[in-house]
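See structure below.
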Amino acid sequence: MIAIVIAVIAVAVAIGAWFRPIPKPEAPAAKTYSDQEIADAKKAVCDAYGKADRAINATGRKNGGEDPTAIVAVAVNVRLALSESSSFLLRTLEEYPATPSDLQEHVRAAAGAFQNVAIDQLGEAPQSELDPFFKQADSADAAIKQACK
Numbered sequence: 017m018i019a020i021v022i023a024v025i026a027v028a029v030a031i032g033a034w035f036r037p038i039p040k041p042e043a044p045a046a047k048t049y050s051d052q053e054i055a056d057a058k059k060a061v062c063d064a065y066g067k068a069d070r071a072i073n074a075t076g077r078k079n080g081g082e083d084p085t086a087i088v089a090v091a092v093n094v095r096l097a098l099s100e101s102s103s104f105l106l107r108t109l110e111e112y113p114a115t116p117s118d119l120q121e122h123v124r125a126a127a128g129a130f131q132n133v134a135i136d137q138l139g140e141a142p143q144s145e146l147d148p149f150f151k152q153a154d155s156a157d158a159a160i161k162q163a164c165k
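So in our numbering, the last one in the sequence shown is 165, and the numbering has no gaps at all.
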């Protein structure tokens with residue numbers, strides 16, 4: 017008899033729980049950062065962009081001369097610089113979430129342009145397909161350098 021009463025109570029509680037409204041999930045509060053955290057993040061991202069820019073420019077200045085093997089080696093190095101620079105920049109943004117949003121946006125645009133140029137060059141895309149990405153990279157470069165002053 018006691019077992020039946022307990023079973024009835026358990027069923028009643030289960031039915032009550034079933035029809036009880038589910039609480040609305042609370043949106044997580046936006047993370048706020050101190051001025052020092054923002055300044056440190058900006059410096060880290062700007063330093064990372066400086067390294068990436070130096071790597072891309074250093075490889076881009078080479079031409080390989082008349083040696084076909086050297087020409088291919090230079091082309092590979094340029095693509096490697098673009099690919100590694102984009103990965104390095106995106107990784108730095110992940111490590112420093114306090115980076116100002118406008119700087120994040122410009123760095124992501126640059127990284128995306130670098131990735132698109134690298135993959136399109138590997139696929140031997142015509143210059144007309146590369147030009148929009150070069151323009152995107154140039155625009156992002158100017159904005160990043162302005163933000164990092």
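Virtual Cβ for every residue (Gly too), placed ideally from N, Cα, C.
Nearest by alpha-carbon distance to residue i: which of the options is it?
{"i": "S99", "options": "E53, D69, I87 and P116", "result": "D69"}
{"i": "C62", "options": "A141, T85, L106 and P84", "result": "L106"}
What is the rounded straight-line gap between the Cα of residue i and the Cα of residue j?
{"i": "E121", "j": "A97", "result": "21 Å"}
{"i": "F150", "j": "A43", "result": "39 Å"}
{"i": "R77", "j": "A125", "result": "23 Å"}
State the start and end residues of the unbroken alpha helix (DSSP H) segment that holds residue i.
{"i": "P113", "result": "It is not in any alpha helix (DSSP H) - P113 carries neither H nor E in the DSSP assignment."}
{"i": "R124", "result": "S117 to L138"}
{"i": "T75", "result": "D51 to G76"}
{"i": "E42", "result": "Unbroken run through E42: none, as it is neither H nor E."}
Looking at residue i: is its Cβ nearer than 9 Å to the Cβ of residue j?
{"i": "P116", "j": "K161", "result": "no"}
{"i": "G128", "j": "Q143", "result": "no"}
{"i": "G80", "j": "C164", "result": "no"}
{"i": "A114", "j": "I25", "result": "no"}
{"i": "A45", "j": "Y112", "result": "no"}
Taking 7 Å as the limit between beta carbons, can you name the residues of its chain near residue i, skipping five residues before and five after?
{"i": "R95", "result": "A134, Q137 and L138"}
{"i": "N132", "result": "F149"}
{"i": "A156", "result": "H122, A125, A126 and A129"}
{"i": "A89", "result": "G80"}
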